[in-house]
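S.K.: When the letters of the sequence shown are read in order and numbered with our numbering, they come out as residues 3 to 411. For glycine and all other residues, C-beta sits at the position ideal for the given N, C-alpha and C. This structure is in structure tokens; I'll ask about it shortly.
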Amino acid sequence: MDYFVNHSTKNKHLTLEDRLTIQNMLDEGHTFREIGYVLGKDPSTISKEVRKHIHLVTNGFTAYDEAGHVLNEECPLLRKPPYVCNGCSKKNYCRRKRFLYLADHAQREYEKLLSNSREGIPLNKAEFYEVEKVISEGLKRGQHLYQVLKANNLDVSLSTAYRYVKKGYCSATVMDLPRAVKFKPRKHPVPKYVPYGSKKGRTYEDFKHYTDVYGITDWVEMDTVIGRIGGKVILPFIFNSCNFMFGRLMDSKSASETAKQFHFLRSLFSEAGLSFRTYFPLILTDNGGEFADIDAIERDSKGNVETRLFFCEPMRSCQKPSVEKNHTLLRDICPKGCSFDMLDQKKLNIIFSHMNSTARRCFNGRTPYEMFSFMYSEKVANMLGIQQIPAKDVIQTPRLLHILGVEGF
Numbered sequence: 003m004d005y006f007v008n009h010s011t012k013n014k015h016l017t018l019e020d021r022l023t024i025q026n027m028l029d030e031g032h033t034f035r036e037i038g039y040v041l042g043k044d045p046s047t048i049s050k051e052v053r054k055h056i057h058l059v060t061n062g063f064t065a066y067d068e069a070g071h072v073l074n075e076e077c078p079l080l081r082k083p084p085y086v087c088n089g090c091s092k093k094n095y096c097r098r099k100r101f102l103y104l105a106d107h108a109q110r111e112y113e114k115l116l117s118n119s120r121e122g123i124p125l126n127k128a129e130f131y132e133v134e135k136v137i138s139e140g141l142k143r144g145q146h147l148y149q150v151l152k153a154n155n156l157d158v159s160l161s162t163a164y165r166y167v168k169k170g171y172c173s174a175t176v177m178d179l180p181r182a183v184k185f186k187p188r189k190h191p192v193p194k195y196v197p198y199g200s201k202k203g204r205t206y207e208d209f210k211h212y213t214d215v216y217g218i219t220d221w222v223e224m225d226t227v228i229g230r231i232g233g234k235v236i237l238p239f240i241f242n243s244c245n246f247m248f249g250r251l252m253d254s255k256s257a258s259e260t261a262k263q264f265h266f267l268r269s270l271f272s273e274a275g276l277s278f279r280t281y282f283p284l285i286l287t288d289n290g291g292e293f294a295d296i297d298a299i300e301r302d303s304k305g306n307v308e309t310r311l312f313f314c315e316p317m318r319s320c321q322k323p324s325v326e327k328n329h330t331l332l333r334d335i336c337p338k339g340c341s342f343d344m345l346d347q348k349k350l351n352i353i354f355s356h357m358n359s360t361a362r363r364c365f366n367g368r369t370p371y372e373m374f375s376f377m378y379s380e381k382v383a384n385m386l387g388i389q390q391i392p393a394k395d396v397i398q399t400p401r402l403l404h405i406l407g408v409e410g411f
């Protein structure tokens, strides 16, 4: 795999993308010097990063020596660079302990260290001990923390007071808090992104260059819309030239689910005797991990390239305005924060049919359905699950969900 050489990161912290590059290059057997060259860092920086975040991965079985004793001997190769098993050809069946550099694990440790290093007690020693005494005595008398702060007019925020107690700065402990011990710590899922190296030649700048060189004006924008965390998600597609939008319902926000939807679409077009390439010449999307399986999106089952996938810059939703604008129409019917678990594909098609039957000012009162049918055909629109809804019957509120018998909104 080729990597984009970036020499503009000197004196900057490593990012998640940098760490993903380190992990991928270690897996391929590259040296610290080669990794440092790609990231614009000194090899010693890469060495320190790897050694600082070595992660022990259990292999599920225990190795024994000839005498029947547990074999705890570490691999001698770990005593020299790269100090981890990432690039070892025997790592999948080696009976010794496996030590790996994992980008997501390293990023979590870095963020935790960064957060702890920036925390402090903005009080002098005398002031802190006075505040600590009042808080601890109040808690041990059975008062709630908020009551302690208000009753004594302490110039400390509630969140800061909780942090003092949980960090062990006070003689009172978490057990003295009336309800804190009843709640489990919040889970913070680590977002998954497309690896930096995979986006080489597929950036937004590459997209603009490609469309300029080949004179392409029509493409498809793609995104995901989340309902309940961990539940079903919607994968919408929009044809930028006519604002025609259809969506596929996925069981989860994952690369495998996205690949499954593209396999379905290719089969749909193939059975109808139509070319998938004609309708999906280019696809523009964001950096979500659900789009990480690039080959499944670009290539058919025989490995032939049928479309080109490009990625917007992070945090730049304005680079795919059509799909982002039409998300607001979807949210008019399915408000943000609601679950999609009660939907099925048939009901989702009806929702998108109402959206595509809404008159647009930019088309002088015509609907996306009419524009798409004129440019491609009504047959293709119906094949994608979209039907024309009479103008007077169009509904753009959650009332449509009640009509469809969807509960939980």
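1) Would you call V40 buried or exposed, if buried means 16 or more other Cβ atoms sit within 10 Å of its Cβ?
2) Alpha carbon to alpha carbon, what distance is there between E207 and L267?
3) From the DSSP secondary-structure annotation, give me the bridge partner or partners of G290.
4) Using 10 angstroms around the beta-carbon of I218, count the other beta-carbons present and answer buried if the total reaches 16, otherwise exposed.
5) Considering only residues of the same chain and omitting the five flanking positions on each side of P257, which have a CB-CB separation below 8 Å?
6) Can you have a look at Q149 and say buried or exposed, based on whether 16 or more other CB atoms are within 10 angstroms of its CB?
7) For R250, collect the residues of the same chain with a Cβ closer than 6 Å to its Cβ; drop the 5 residues on either side in sequence, then sort them by chain order.
8) On the DSSP letters alone, give me the boundaries of the beta strand (DSSP E) that I240 sits inside.
9) Put H32 into one of helix, strand or coil per three-state DSSP.
10) Under 8 Å, with one C-beta from each stretch per pair, do the region 75 to 88 and the region 97 to 105 reach the 3-pair mark?
11) L160 to Q109, Cα distance in whole Å?
12) In whole angstroms, what is the alpha-carbon distance linking D2 and L270?
13) Mind checking who F101 pairs with in its DSSP beta bridge?
14) Can you list, in chain order, the residues of its chain with a C-beta nearer than 7 Å to that of R204? Leave out the 5 residues immediately preceding and following it.
15) Helix, strand or coil: which one does DSSP assign to I231?
16) In the DSSP assignment, find the alpha helix (DSSP H) that holds F365 and state where it starts and stops.
17) Suppose the cutoff is 7 Å on Cβ atoms and the five residues either side in sequence are ignored; what does the same chain contact list for Q390 look like?
18) Where do the ends of the alpha helix (DSSP H) carrying M177 lie?
19) Let me know the alpha helix (DSSP H) ranges lying completely inside the region 285 to 332, each 4 residues or longer, listed in chain order.
20) Whose CA, out of F376, E315, K338 and T309, lies closest to the CA of Y195?
21) Cα separation between K201 and L22?
22) Within the chosen definition, does the region 384 to 400 reach the region 344 to 362 through at least 3 CB pairs nearer than 8 Å?
23) For a test of the three-state rule: what should DSSP assign to G249, helix, strand or coil?
24) Can you give the Cα-Cα distance for I240 and K327, rounded to whole angstroms?
M.R.: To lay it out plainly:
1) So V40 counts as buried.
2) If I take the Cα positions, the gap works out to 28 Å.
3) Answer is Y195, bridged to G290.
4) By the 10 Å Cβ count, I218 comes out exposed.
5) Rather than Pro, the amino acid found at residue 257 in this sequence is Ala. The answer, listed in chain order, is G291, E292, F293, A294, D295 and A298.
6) By the 10 Å Cβ count, Q149 comes out exposed.
7) Only L237 and Q263 meet the Cβ criterion.
8) Here the beta strand (DSSP E) through I240 covers V235 to F241.
9) In the structure shown, H32 sits in coil (DSSP, three-state: anything other than H, G, I, E or B).
10) The region 75 to 88 vs the region 97 to 105: in contact.
11) Approximately 29 Å, taken between the alpha carbons.
12) This structure leaves residue 2 out entirely; the chain is present only between 3 and 411.
13) BP columns for F101 point to L58.
14) Only L311, F312 and F313 meet the Cβ criterion.
15) Of the three classes helix, strand and coil, the one that applies to I231 here is coil, per DSSP.
16) Here F365 belongs to no alpha helix (DSSP H), and DSSP marks it neither H nor E.
17) Contacts found: S359 and Y371.
18) Looking at the DSSP string, M177 is not in any alpha helix (DSSP H), and its letter there is neither H nor E.
19) If we require 4 residues or more, the alpha helix (DSSP H) runs fully inside the region 285 to 332 come out as 296 to 300.
20) It is E315 whose Cα lies nearest to the Cα of Y195.
21) Between the alpha carbons of K201 and L22 lies a distance of about 12 Å.
22) In short, these stretches touch, since the Cβ pair count reaches three.
23) Strand, per DSSP.
24) Going by C-alpha positions, I240 is about 10 Å away from K327.
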